[in-house]
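First up is the structure itself, then whatever we jot down about it.
Residue numbers (my numbering): 69 to 331.
What follows is the structure, encoded as structure tokens:
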């Protein structure tokens, strides 16, 4: 679950809904920035489905007694999380081997960066990385072809997935229209590892409550995404508990136009 707090409620966006938006973003990626446009559909599938392992977890959000807020992807315990990640990756792989491999690579890329951040988590992370890397080697062999060309294409597609993941998260993690000076998670911009933007952070900024601008625009056109979410009143949580309060809350929609920052 993706969560942020307001005075009287918590705003919750399901991870899979955020993933579907990441897939929509990938579908607008400029063809000239793709390593191989022939694999665009597999990239879009991976971007859309990369968080499907969260579907069951997010159907009944858990309350974190320590933080006095709903558990989010930032603080949910790692061991059960890894079980559901692997379940989601396998479901994608059963649908499309290349897309499943992309999802696995995306997660190992993210958690490799987390090593050392919290020594108590390192053993669990290393175990997860080792298991996934064994899977990745096996799946790469199944795909066959030129091994070096495959690795380059995979790396390029994973970089695109990571960017779309960040941008989609940006839309979910703060109130629309939040001024740039008040950004928390993406205060330094969206990290970028592709050559087209010189591997420099890309600035994302709320231009209004319904428009976000990017300092580097890798998409083929402006487009609008729609994010379902729930605002769950704190009073309802106190009265009914987290899960019942979430079920009682109505679905809402956030519509956001993605455009170039200085257009």
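Note that the Cβ used here is the ideal one computed from N, Cα and C, for glycine as well.
Here the structure is a predicted model, which means the values were calculated and not measured.
query                                                                                                                                                                         : result
Which value, in whole angstroms, describes the spacing of the CA atoms of residue 309 and residue 76?                                                                         : 15 Å
In the DSSP assignment, the alpha helix (DSSP H) including residue 301 goes from what residue to what residue?                                                                : Where residue 301 is concerned, there is no enclosing alpha helix (DSSP H), although the beta strand (DSSP E) it sits in stretches over 291-301.
So, for residue 236: in the same chain, excluding its five sequence neighbours on each side, which residues have a beta-carbon less than 7 Å away from its beta-carbon?       : 86, 89, 90, 93
On the criterion of 16 or more Cβ atoms from any shown chain inside 10 Å, does residue 253 qualify as buried, or is it exposed?                                               : exposed
Could you tell me which residues DSSP pairs with residue 287 in its beta bridges?                                                                                             : 97
If I measure Cβ to Cβ from residue 269 and keep anything under 7 Å in the same chain, skipping five residues before and after, which residues do I get?                       : 256, 257, 258, 259, 260
Which of helix, strand or coil does DSSP assign to residue 119?                                                                                                               : coil
Please identify the residue among 114, 98, 207, 136 whose C-alpha is closest to the C-alpha of residue 73.                                                                    : 136
Going by the beta-carbon positions, is the gap between residue 167 and residue 122 smaller than 8 Å?                                                                          : no
What first and last residue would you give for the alpha helix (DSSP H) that runs through residue 246?                                                                        : That residue, residue 246, is in no alpha helix (DSSP H); it is neither H nor E in DSSP.
Give, in chain order, every unbroken run of the alpha helix (DSSP H) that is at least 4 residues long and sits entirely within the segment 100-168.                           : 108-117, 123-127, 146-163
Can you tell me the Cβ-Cβ gap for residue 279 and residue 218, rounded? I've got them flagged as a contact below 8 Å.                                                         : Not a contact, Cβ separation roughly 38 Å.
Enumerate in chain order the residues of its own chain whose CB-to-CB distance from residue 173 is below 7 Å, with the five nearest sequence positions on each side excluded. : 204, 222, 226
Residue 305: which of 78, 71, 145 sits nearest, CA to CA?                                                                                                                     : 78
Going straight from the alpha carbon of residue 283 to that of residue 231, what length do you get?                                                                           : 13 Å
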